[in-house]
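One structure is given below, encoded as C-alpha cells.
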Amino acid sequence: MNHQTPTAARRSEASFGPRRGFTLIELLVVISIIAVLAGLLLPAINGAVRAAKESAVASEITLMEQALASFKTRMGDYPPSFVVIDESGNYGNNPALVDSVNKYFANIAGITNSSQLASQTQKAIDRSQRYLKKFFNRAELKQDIDGDGGFNKYWILEGDEALVFFLGGIPRQIDSQTFELTGFCKRPDGPLYGRNENNKSTLNRDTPFFEFKAERLVDFDNDGFPSYIDSLGSEEDSRPYVYFSAYGSNSYDPQDCNFNPSKQNYFPALTDIQDVDTGLNYFRMFGGNSGPSISPNPYTTGPAAPVGRTPAWQKPQSYQIISAGADRKYGFGGQFAGKTKSEPLPIADSDLTNSFINPLSPSARSVESDNITNFSQGRLN
Ligand SMILES: [Ca+2]
Ligand SMILES: [Ca+2]
Ligand SMILES: [Ca+2]
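Take the sequence shown: its position 129, counted from the start at 1, is 138 in the numbering used here, and no numbers get skipped.
This is how it looks when you write it as C-alpha cells:
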C-alpha cells in the first residue's frame, strides 16, 4: 500500500483553484480587529456574568423569604436576630451566661454604664426566652442542644447565625468546617435536642424550613453554629447573609449582627477601627482579599433619626436580609430611600460629622450600591 497517494491527490485538486496567501498587512489588520472586538465584548461579558451571579443571590433571598413565611405560619412569628440558648435552662439565672452576654454588649456596643449594660443583657436574655416559649410552647427549658449528653453549654447567636439556626435547626458538626443542619427534634418537650445516636428520642426530627447548601455553611467564630455565605466571592472573601429582625414592630437593633469579637478565631480576620478621639473600638471589620468591611446595619427609609427617636426602618414589621454584594463590603447601612429616588443612598449629615464614621471616607456608602437585599429587588442601586 502506498500511503502517499491520498495526500498527493488532495494537493493536486487544491492546485486547480486560484490561491494566494494572506499578506502580513492583511493578517495584522484582522488581528487588530479581533483585538478591538474582544476589548469591546469582554466588559459586556464580565457585566453579564456579574449580573447573573447577583440575580442568583437575589433569587436565594426570595427563597429565604418563602422559608421565613413558612416559619411564621407554623411557629407564630418571624425568628429573632439575636438569641441566647442555654442547655441548663437557667438563662437569666446562669451567671456564666449573663457574664458572656454582658461582655458581648460591653465589647461591641461599647456600653460602659453598668446599669445600662445590665438592662441590655437582661432584655436580650428575656427576649430570647420569650421567643423560644412562643415557638415551642411545650418545651422544657433544659435541653441538650449539641447532643453530647451534657447540659452545660450556652450560645449567643447573632443575626447571621440565627437565620441558619431557625430555618435549618440544630447544626451537627461533622468536622471543623462541615455542618449538617438536622432540623428541630419532634419531641414536644425537647425541640432543641441535638441529634444523639445514643438517645433514640432525638432521632425523629422535623425537616428544615430551608435547604442550606452544606458547602456554604461557614462557622466564622468557631462556636459550632454556622452562618450562610452568599455565592459571590472566593473563600477568603466569603461574607454571610445577615439577618435583622424587626421584633414584630419597628424595633430593629443594629447590634444584632456584629460578628462577635469576643471570640478570636475569625476567618477571615476581624480588625478594629478606633475612634480617633476616645481610642475606643467602634467597628468590627470583616477582612479578606477585598479589604475589610464594616459590620452591617439595618436600613431606614428616611434620614437618621435624632438620638433617642426611633428611625423609620425598611420592612418595619418583618425583617431585613442583606448580602454584601460583589465588592464584599456591607457598608454602614442607614437611609435607603428607594431606587426611584434621585439619591437612593444619601449620606446623612450626621454621618459626616459623626466621629464613629470619620475613620473611613464619607463616600464609604458607595460600597452599598451593590448590596442585595429583601427590600430592594436586587441591588440597592
Ligand atoms: Ca450538650
Ligand atoms: Ca458561628
Ligand atoms: Ca457592597
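Using N, Cα and C, we set each Cβ at its ideal position, and we do this for glycine too.
Cβ-based burial, residue i [other Cβ within 10 Å; buried from 16]
i, result
"K338", "buried"
"R374", "buried"
"R139", "exposed"
"P197", "exposed"
"N231", "exposed"
"Y291", "Bear in mind that a pLDDT of 49 at Y291, under 50, signals an unreliable position, so the number given afterwards is only what the model happens to contain. With 16 or more other Cβ atoms within 10 Å, it is buried."
"V285", "Per-residue confidence for V285 stands at a pLDDT of 48, beneath the threshold of 50, marking its modelled position as unreliable; the derived number appears in the next sentence. Exposed: under 16 other Cβ atoms inside 10 Å."
"Q125", "exposed"
"R147", "exposed"
"V45", "exposed"
"E63", "buried"
"K209", "exposed"
"I68", "The question names Ile, but residue 68 in the sequence shown is Ser. Looking at its Cβ environment, which holds fewer than 16 other Cβ atoms inside 10 Å, S68 is exposed."
"S364", "Caution is warranted here: a pLDDT of 39 is assigned to S364, below 50, making its placement in the model unreliable, and the coordinate value is therefore given only provisionally. S364 is exposed by the Cβ-count criterion."
"R388", "buried"
"P180", "buried"
"F31", "exposed"
"E377", "buried"
"G56", "exposed"
"S385", "buried"
"G334", "buried"
"V173", "buried"
"D336", "buried"
"K324", "buried"
"G158", "exposed"
Cβ shell of residue i (< 6 Å), same chain only, five flanking positions each side left out
i, result
"F80", "F218"
"V251", "G168, D169, C266, P305, I331"
"G85", "K143"
"T211", "C194, Y202, R204, N205"
"N103", "D95, S97"
"G156", "G203, R204, N205"
"G311", "A321"
"N367", "With a pLDDT of only 40 at N367, under the threshold of 50, the placement of this residue in the model should not be trusted, and no figure is reported."
"T309", "P320, A321, W322, Q344"
"E213", "In the sequence on display, residue 213 carries Asn and not Glu. Same-chain partners within the cutoff: K195."
Three-way DSSP call (helix, strand, coil) for residue i in this model
i, result
"G85", "coil"
"F220", "The question names Phe, yet the displayed sequence has Glu at residue 220. In the structure shown, E220 sits in coil (DSSP, three-state: anything other than H, G, I, E or B)."
"I1", "The requested residue 1 is not part of the displayed model; the chain covers only 10 to 390."
"R225", "helix"
"F188", "strand"
"I34", "helix"
"P5", "Outside the modelled stretch of the chain, which goes from 10 to 390, sits residue 5, for which no answer is possible."
"Q75", "helix"
"R204", "coil"
"Y291", "Note that Y291 scores 49 on pLDDT, short of 50, meaning its location in the model is unreliable and no value can be drawn from it."
"S385", "coil"
"P180", "strand"
"L361", "Per-residue confidence for L361 stands at a pLDDT of 45, beneath the threshold of 50, marking its modelled position as unreliable; the derived number appears in the next sentence. DSSP places L361 in helix when its eight states are reduced to three."
"S378", "coil"
"P59", "A small fix is needed here, since residue 59 is Arg in this sequence, not Pro. Correct three-state label for R59: helix."
"T309", "strand"
"G343", "strand"
"S41", "helix"
"S4", "There is simply no residue 4 to check, as the chain begins at 10 and stops at 390 in what is shown."
"S304", "coil"
"R29", "coil"
Short Cβ contact (8 Å threshold) for residue i with residue j
i, j, result
"G343", "N390", "no"
"S137", "P88", "no"
"L106", "Y163", "yes"
"T187", "R204", "no"
"N380", "E74", "no"
"I94", "L150", "no"
"F345", "I303", "no"
"F101", "I134", "According to the sequence displayed, residue 101 carries Gly and not Phe. For G101 and I134, yes; Cβs fall inside 8 Å."
"A171", "V58", "no"
"Y328", "F221", "no"
"D153", "G178", "no"
"A76", "L176", "yes"
"L241", "V66", "yes"
Contact set for residue i: own chain, Cβ-Cβ below 7 Å, skip 5 residues either direction
i, result
"D358", "Only weak support exists for where D358 lies, its pLDDT of 45 falling under 50; the coordinates are left without a value."
"N161", "E96, S97"
"Q182", "F188, G233"
Same chain, Cβ closer than 8 Å to residue i, five either side skipped, listed in chain order
i, result
"P249", "D169, V227, F229, S236, Y237, I238, D239"
"F114", "I120, L126, Q129, T130, A133, Q264"
"Q326", "A255, G257, S258, N259"
Residue-chain proximity (residue i, chain C), Cβ-Cβ < 8 Å
i, result
"A61", "Note that chain C does not occur in the displayed structure, where there is just one protein chain."
Only counting runs of 4 or more residues, tell me where the alpha helix (DSSP H) segments fall wholly within the segment 230-264, in order along the chain. None, since the segment 230-264 contains no complete alpha helix (DSSP H) of that length.
Any alpha helix (DSSP H) of 4 or more consecutive residues that is wholly inside the segment 89-154: Within the segment 89-154, the complete alpha helix (DSSP H) runs of at least 4 residues are 104-118, 123-144.
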